[in-house]
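One structure is given below, encoded as structure tokens.
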Amino acid sequence: MSTPSRSKYIWSCFEKMMVSGQTLMWLSLAACLFFVSFQGYALLLCVYGIAFISGWLAIVYHFGKQAVSISEDQMKSKLSHFSFKGIEKVKESMEPTTKIKNFDKRMTGASVIDDVLKEVLEFTVRDYIKTWYRQISDHDSFLVDFWQCAQKVIITFSNRSKEIDWMPYFTQKLVDDFASHIRLYRRATDRTFQTKSEDIVATLENAFFDMECEMDNMCRDLVCLKPEAERQYLQDLSDVLLFLLLPKEDFHNKPFRYIVREVLVNGIFLPSMDLLSDPDYINQYIAWLCQESSFTRETFLTVIRSSDSMEELEAVRAKVDSDIAKWRSKDTGGSDDTAIKQNLNSLMFLRDTCDMRIRRLLDGPLSAEPILDELESCRYNSLCVLTLDEIMTNATALQSFIEYVSNRGGQQYLFFYLNVEGFRTAAGQQIAEMQKQSHDTATAVEPDLKSLRRAANIIFDQYLSEKAVSRLKIEPEFIKYTVQKMNNKMMSEDIFDTVQARVYQILHCEYYEDFLHCPAYIKLLGDLGLLNSKGEDGDNLSVEEEGSVPTGSESSLGS
């Protein structure tokens with residue numbers, strides 16, 4: 001700052017001090033004149049002014065304090081009616097929890113099934129979800145949501161399953177599908193052996209799907225042979241299942257739906273199919289089943305007579321020869337001589353059966369002309385003629401007769417006859433048991449009419465009603481008589497006897513007599529070992545007599 005400007009600044013400050021000093025001087029002069037002029041009144045007037053200002057300030061402070069206290073009380077009373085739980089909820093959500101919250105875990109309505117499903121879900125969550133989810137978060141909200149979603153799926157599946165009539169499916173449709181598949185496979189196998197191709201597997205697959213297209217007008221070769229087509233088919237199937245079972249909000253969640261679909265396809269469907277199509281697994285499972293239950297002698301002989309594997313027959317024959325040598329070494333004429341001879345006779349009979357089947361395979365399949373010639377000579381050579389009742393009671397003969405009747409489109413008559421036989425047996429046992437209970441308790445106890453009537457209605461709706469898919473073509477008076485017996489208050493096991501007798505006549509006249517003159521019957525006699533039984537033994541052998549083997553054959557094989 002220059003010297004002239006500094007002097008100006010000092011001069012301005014001096015002028016301000018002079019003005020302020022003059023103002024203070026004039027105020028002091030005025031106060032002196034006021035006190036000199038009024039003396040005591042001036043002092044009282046000052047005291048009065050100070051008291052007025054002090055009182056006014058005290059009143060303002062008092063009423064202000066009261067107003068503030070009233071407003072605080074009102075605010076507290078108003079806030080007491082409101083509850084702010086946001087902080088508590090945030091605190092609870094931030095705290096880690098380790099237990100899933102309790103909620104209604106009923107699924108099917110049956111406690112036995114629900115307990116098992118609960119354990120399965122718990123193990124699934126423990127082994128497949130918690131292993132990776134606990135590395136991400138400790139909160140259980142996702143686990144609870146998964147549990148509830150699985151519970152809703154099971155409830156929906158249970159409700160939809162209750163709406164389906166499973167009896168016709170398991171007793172007719174599933175059996176027909178399985179029988180048609182076996183029949184189709186056998187025909188494809190016969191065609192493959194006729195072609196005599198080197199690549200048997202490829203030829204068998206081509207023949208199988210070609211015949212499937214001819215018989216069912218449908219070919220599933222792409223789904224069965226190409227992995228990509230199989231995966232796409234399973235994905236489409238999973239989408240349909242998820243649409244039927246998942247809740248709407250979960251189904252419309254595309255990421256969740258796609259994840260569940262891929263888990264079903266790659267984690268359940270494909271591994272299950274690979275496992276079920278593994279020959280080693282099938283063989284191990286069959287071996288495990290064989291360990292759990294023992295087969296009868298007739299079953300073992302039926303397997304040998306129907307076997308097409310030369311290696312298996314030779315292995316069984318080698319085992320039989322080894323057992324025969326062991327038992328002959330024990331034949332010393334002691335006290336156990338009778339039991340040893342019985343075992344030797346059983347083993348020799350088994351060896352002869354294997355030799356007969358091996359010769360049959362070495363001779364090759366029977367051609368059409370020799371079969372026809374043999375059929376024409378049946379009447380003169382007195383071959384064994386199986387009655388219809390014997391065919392119905394023998395598993396091998398019944399299977400052959402079912403195939404023959406199914407090829408002619410009359411399987412509904414045979415299935416009706418067999419179902420009525422099963423109904424009569426079950427109903428007779430149930431009624432006899434109820435009568436026994438009533439006799440023991442000395443009170444009249446009626447049979448369980450609900451279960452009997454339900455079973456009778458299923459058979460009637462499946463074969464005799466107007467809307468039945470497999471309706472039998474029989475006279476209306478038989479059906480009317482059956483309806484009258486079903487409407488009676490007391491039910492018995494002979495409800496379908498009249499219709500069954502008529503069906504038996506149809507089977508005997510239209511199918512059984514023709515079956516005796518077809519190549520399948522000659523093949524059946526060969527499988528049962530009855531092709532030349534009459535000429536060799538001189539007496540008529542029944543299926544039961546021919547299939548019986550002296551006791552000790554199984555034990556000797558296992559030694």
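For the sequence shown, position 502 matches number 502 in full-length UniProt numbering, and the numbering has no gaps at all. Where a beta carbon is used, it is the ideal one built from N, C-alpha and C, also for glycine.
Rounded to whole angstroms, what's the CA-CA distance from Ala150 to Lys118? Just pull it up for me.
Taking the straight line joining both Cα atoms gives about 10 Å.
Under the three-state DSSP convention, the category Gly109 falls into:
Residue state, collapsed to three classes: coil.
Candidates Arg359, Leu313, Pro247, Asp321, of which the one nearest Phe157 by Cα
Of the candidates Arg359, Leu313, Pro247, Asp321, Pro247 places its Cα closest to the Cα of Phe157.
Can you tell me whether Cys518 is helix, strand or coil according to DSSP?
When secondary structure is reduced to three states using DSSP, Cys518 falls in the coil class, being assigned neither helix nor strand.
Of the residues His508, Leu418, Asn407, the one placed nearest Ala520, counting alpha carbons only
Nearest C-alpha to Ala520 among His508, Leu418, Asn407: Asn407.
Quick one: grab the DSSP three-state call for Phe496.
Coil, per DSSP.
Would the beta-carbon of Tyr417 fall within 8 Å of that of Tyr504?
Cβ atoms of Tyr417 and Tyr504: closer than 8 Å.
3-residue-minimum beta strand (DSSP E) runs that sit fully inside the stretch 110-183, ordered along the chain
Complete beta strand (DSSP E) runs here, min 3: none at all.
Counting along the chain, where does the alpha helix (DSSP H) carrying Asp363 start and finish?
For Asp363, the enclosing alpha helix (DSSP H) starts and ends at 337-363.
So, helix, strand or coil for Ile70, using DSSP?
In the structure shown, Ile70 adopts helical secondary structure according to DSSP, grouped into three states.
Just to confirm, are Ile304 and Arg357 a CB contact at a threshold of 8 Å?
Between Ile304 and Arg357, the C-beta gap is smaller than 8 Å, which places the two residues in contact.
Counting pairs of Cβ atoms below 8 Å between the stretch 509-529 and the stretch 395-402, do you hit three or more?
Note that the stretch 509-529 touches the stretch 395-402; at least 3 beta-carbon pairs, one per stretch, sit closer than 8 Å.
Any contact of the stretch 236-247 with the stretch 213-221, i.e. 3+ C-beta pairs under 8 Å?
The stretch 236-247 is not in contact with the stretch 213-221.
Cβ of Val483 less than 8 Å from any chain D Cβ?
Any reference to chain D falls outside this structure, which holds one protein chain only.
For a quick check, are the C-beta atoms of Thr396 and Asp308 less than 8 Å apart?
Going by C-beta atoms, Thr396 is not nearer than 8 Å to Asp308.
Where do the N-terminal and C-terminal ends of the alpha helix (DSSP H) with Tyr481 fall, by residue?
476-486 is the span of the alpha helix (DSSP H), which, as asked, contains Tyr481.
Roughly how many whole angstroms lie between the Cα atoms of Glu230 and Asn283?
Distance from the CA of Glu230 to the CA of Asn283, rounded to the nearest whole angstrom, comes to 25 Å.
Would you decide whether Ala51 is buried or exposed? Buried here means 16 or more other CB atoms lie within 10 Å of its CB.
The residue is exposed, with fewer than 16 neighbouring Cβ atoms inside 10 Å.
Reduced DSSP category for Met490 - H, G, I as helix; E, B as strand; rest coil
Assigned with DSSP and collapsed to three states, Met490 falls in coil, not helix or strand.
With respect to the alpha helix (DSSP H) encompassing Lys319, which residues constitute its N-terminal and C-terminal limits?
Counting along the chain, the unbroken alpha helix (DSSP H) around Lys319 starts and ends at 310-330.
Along the alpha helix (DSSP H) that carries residue 586, what are the first and last residues, could you check?
Given a span of 1 to 559 for the chain in the structure shown, any question on residue 586 remains unanswerable.
Pro247 (DSSP reduced to helix, strand or coil):
Assigned with DSSP and collapsed to three states, Pro247 falls in coil, not helix or strand.
Stretch-stretch touch, CB-based, cutoff 8 Å, three pairs: the stretch 462-476 with the stretch 425-435:
Judged by Cβ distances under 8 Å, the stretch 462-476 makes no contact with the stretch 425-435, as fewer than three pairs qualify.
So Phe269 is in the alpha helix (DSSP H); what residue range does that whole segment cover?
Segment: none, Phe269 is in no alpha helix (DSSP H) and carries neither H nor E.
Once the 5 residues before and after Ser451 are set aside, which same chain residues still bring their CB inside 7 Å of it?
Same-chain partners within the cutoff: there are none.
Across the stretch 343-360 and the stretch 318-333, are there enough close Cβ pairs to call them in contact, namely three or more that are closer than 8 Å?
In this structure the stretch 343-360 lies against the stretch 318-333, because at least three pairs of beta carbons, one per stretch, are closer than 8 Å.
Helix, strand or coil at Ser406 [DSSP, three-state]:
In the structure shown, the three-state DSSP call for Ser406 is helix.
What's the C-alpha gap between Asp352 and Ile391?
Straight-line Cα distance between these residues: approximately 24 Å.
Quick test of your reading: Ala207 and Arg191, contact by CB under 8 Å. State the CB separation rounded to the nearest angstrom.
Sure, about 5 Å apart at Cβ, within 8 Å.
For Leu507, count neighbouring C-beta atoms within 10 Å of its own C-beta (all shown protein chains included) and say buried if the count is 16 or more, exposed if not.
When all chains shown are included, Leu507 counts as buried.
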